[in-house]
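Numbering (the numbering used here) for the sequence shown: 11 to 419.
Worksheet: one structure, shown below.
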Amino acid sequence: MRTLATLRFAVPFGVLVLAGLSVAAHAQTWTPQTSGTPEVLADVHFINASTGFAVGDGGLLLSTTNSGETWTSRVLNAGLDNQGIAFNPSGTVGVIITDAGPVLRTTDGGVTWTQIATGMSDGRAAIDWASDTVVWVAGRDANAAVSTDGGLTWTFRNTGSSDRTEGLAAVSAQEAWVVNRSGEIRHTTNGGVSWTTQPSGTSNDLKDIQMLDALTGYIAAGDAGVLKTTNGGTTWTNVGPGAPGNGLFFLNATTGWIVCDFGQIRFTNNGGTSWVQQPSGVTASFNRVHFPDATHGWAVGDAGTIVKFTGQTTANEGEGAPTTFALEPAYPNPFNPTTTLRFTLDASGPVRLVAFDALGREVRVLMDGTMPAGAHTVTFDAAGLPSGLYLVRLTAGAVSRTQAVTLAR
Numbered sequence: 011m012r013t014l015a016t017l018r019f020a021v022p023f024g025v026l027v028l029a030g031l032s033v034a035a036h037a038q039t040w041t042p043q044t045s046g047t048p049e050v051l052a053d054v055h056f057i058n059a060s061t062g063f064a065v066g067d068g069g070l071l072l073s074t075t076n077s078g079e080t081w082t083s084r085v086l087n088a089g090l091d092n093q094g095i096a097f098n099p100s101g102t103v104g105v106i107i108t109d110a111g112p113v114l115r116t117t118d119g120g121v122t123w124t125q126i127a128t129g130m131s132d133g134r135a136a137i138d139w140a141s142d143t144v145v146w147v148a149g150r151d152a153n154a155a156v157s158t159d160g161g162l163t164w165t166f167r168n169t170g171s172s173d174r175t176e177g178l179a180a181v182s183a184q185e186a187w188v189v190n191r192s193g194e195i196r197h198t199t200n201g202g203v204s205w206t207t208q209p210s211g212t213s214n215d216l217k218d219i220q221m222l223d224a225l226t227g228y229i230a231a232g233d234a235g236v237l238k239t240t241n242g243g244t245t246w247t248n249v250g251p252g253a254p255g256n257g258l259f260f261l262n263a264t265t266g267w268i269v270c271d272f273g274q275i276r277f278t279n280n281g282g283t284s285w286v287q288q289p290s291g292v293t294a295s296f297n298r299v300h301f302p303d304a305t306h307g308w309a310v311g312d313a314g315t316i317v318k319f320t321g322q323t324t325a326n327e328g329e330g331a332p333t334t335f336a337l338e339p340a341y342p343n344p345f346n347p348t349t350t351l352r353f354t355l356d357a358s359g360p361v362r363l364v365a366f367d368a369l370g371r372e373v374r375v376l377m378d379g380t381m382p383a384g385a386h387t388v389t390f391d392a393a394g395l396p397s398g399l400y401l402v403r404l405t406a407g408a409v410s411r412t413q414a415v416t417l418a419r
């Protein structure tokens with residue numbers, strides 16, 4: 011489950027209150043960066059706004075600690091192509107998948123990588139972390155594997171997919187989806203023991219999938235479509251932007267990007283109802299895109315292409331896509347030990363976030379300062395706290411709202 015973590019607090023789960031701020035449009039900019047390689051870059055992942063990685067053909071691993079101003083290159087597996095990279099939500103453990111052989115795992119921020127067997131013989135196609143300890147990988151030939159100890163040991167599964175797997179999304183050790191190049195969506199709710207087919211409405215290539223939670227998700231389709239579900243995949247609706255998509259990333263249920271061939275990037279701020287094209291500054295085809303927070307993102311593609319996003323997550327001036335002010339329910343809720351809250355601010359301003367226990371006592375000031383407009387994600391880590399009800403109040407100006415969540419150990 012690809013997520014972003016702009017704020018992380020070791021506090022109880024929370025409740026949220028937001029102000030009705032004025033609607034404003036803010037420019038978004040994609041800027042090409044120098045990768046130093048002509049190789050195809052298959053995937054990108056940033057732990058935070060400064061530290062990130064990209065992987066590609068020939069065992070290539072690129073890394074940066076200065077937001078991509080400079081990239082350091084090394085080869086991990088000569089003769090193999092690295093297909094994907096992802097770190098767990100806390101950024102402590104990373105896994106690289108290749109077109110053959112075991113996965114590679116790091117626990118020291120990418121300094122060293124160790125080969126780990128998964129029980130799969132085919133090349134890896136996709137990877138997704140469901141939590142800090144649960145990670146799934148999918149192979150091209152209908153195979154998958156799940157780990158519940160952060161990638162140390164793996165359980166082999168067969169998805170029954172009828173064609174080459176292209177994408178994978180997971181929300182728990184039990185529930186995951188895979189998509190393939192024949193338009194097939196396969197879904198499991200029992201850890202991969204059995205899989206069912208969900209209707210996609212297309213027989214064309216499905217290249218990438220992201221599930222924001224167990225209900226809401228998006229799929230990048232090669233026939234100029236984006237498929238969307240709000241009921242866990244029981245139904246999928248085409249909300250496509252009119253360009254074949256290779257990769258996508260959504261900050262929340264409404265705000266996301268899809269990257270395409272020929273340097274095209276499309277953006278929506280209303281869940282796919284409308285899309286705008288954003289200039290990327292390149293003509294090479296993109297493969298994947300990732301955002302570590304609401305105001306920074308990177309896309310990678312052919313010929314060593316890397317572009318960086320800076321700006322707010324509202325529509326470009328004059329482009330017509332509406333801005334959004336929204337607060338989404340905490341997920342999961344109940345939870346143990348972390349839960350995630352997503353909200354969107356229409357304008358920047360002072361925001362105060364305070365946690366209370368069930369008796370209404372202020373237990374911690376989580377944040378007291380100015381936040382930019384756009385989408386934000388807050389991860390509440392309840393480690394060390396007792397089970398029960400907590401409230402977190404988010405106040406912006408004179409308006410506040412509160413949401414309750416339950417820690418259940």
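Using N, Cα and C, we set each Cβ at its ideal position, and we do this for glycine too.
{"query": "Proximal residues to residue 294 (C-beta, below 7 Å), its chain only, five neighbours per side dropped", "result": "273, 311, 312, 313 and 315"}
{"query": "Environment of residue 360 [buried if 16+ CB atoms lie within 10 Å]", "result": "exposed"}
{"query": "Paired residues, beta bridge with residue 97 - DSSP", "result": "104"}
{"query": "Exposed unless 16 or more other CB atoms sit within 10 angstroms - verdict on residue 198", "result": "buried"}
{"query": "Residue 191 classed as buried or exposed, judged by whether at least 16 other C-beta atoms fall within 10 angstroms", "result": "buried"}
{"query": "Residue 108 Cβ short of 8 Å to the ligand NAP heavy atom set", "result": "With respect to small molecules bound, the structure shown includes none, and the ligand NAP cannot be examined in it."}
{"query": "Environment of residue 369 [buried if 16+ CB atoms lie within 10 Å]", "result": "exposed"}
{"query": "Proximity below 9 Å, CB of residue 178 to CB of residue 164", "result": "no"}
{"query": "Where residue 88 falls, given that 16 or more other Cβ within 10 Å makes a residue buried", "result": "exposed"}
{"query": "Residues bridged to residue 72 [DSSP beta-bridge criterion]", "result": "64 and 83"}
{"query": "Sub-9 Å separation of residue 181 and residue 229 beta-carbons", "result": "no"}
{"query": "Spatial distance of residue 52 from residue 395 (CA atoms)", "result": "41 Å"}
{"query": "Beta-carbon proximity check, residue 348 vs residue 392, cutoff 9 Å", "result": "yes"}
{"query": "Best match in 221, 344, 213 and 147 for proximity to residue 130 [C-alpha to C-alpha]", "result": "147"}
{"query": "Whole-angstrom distance between residue 106 and residue 420, CA atom to CA atom", "result": "Since the displayed the chain opens at 11 and closes at 419, residue 420 lies outside it and no answer follows."}
{"query": "Other residues of its chain near residue 263: CB distance less than 7 Å, five sequence neighbours each side excluded", "result": "222, 226, 281 and 338"}
{"query": "Proximity below 9 Å, CB of residue 366 to CB of residue 402", "result": "yes"}
{"query": "Residue 273 in three-state terms, based on DSSP", "result": "helix"}
{"query": "Beta strand (DSSP E) segment containing residue 219, residue limits", "result": "216-221"}
{"query": "Three-state secondary structure (DSSP) of residue 314", "result": "helix"}
{"query": "Cβ pair residue 119, residue 94 closer than 9 Å", "result": "no"}
{"query": "Distance between beta carbons of residue 43 and residue 78, contact taken as under 8 Å", "result": "5 Å"}
{"query": "Residue span of the beta strand (DSSP E) that contains residue 178, given as start and end", "result": "175-180"}
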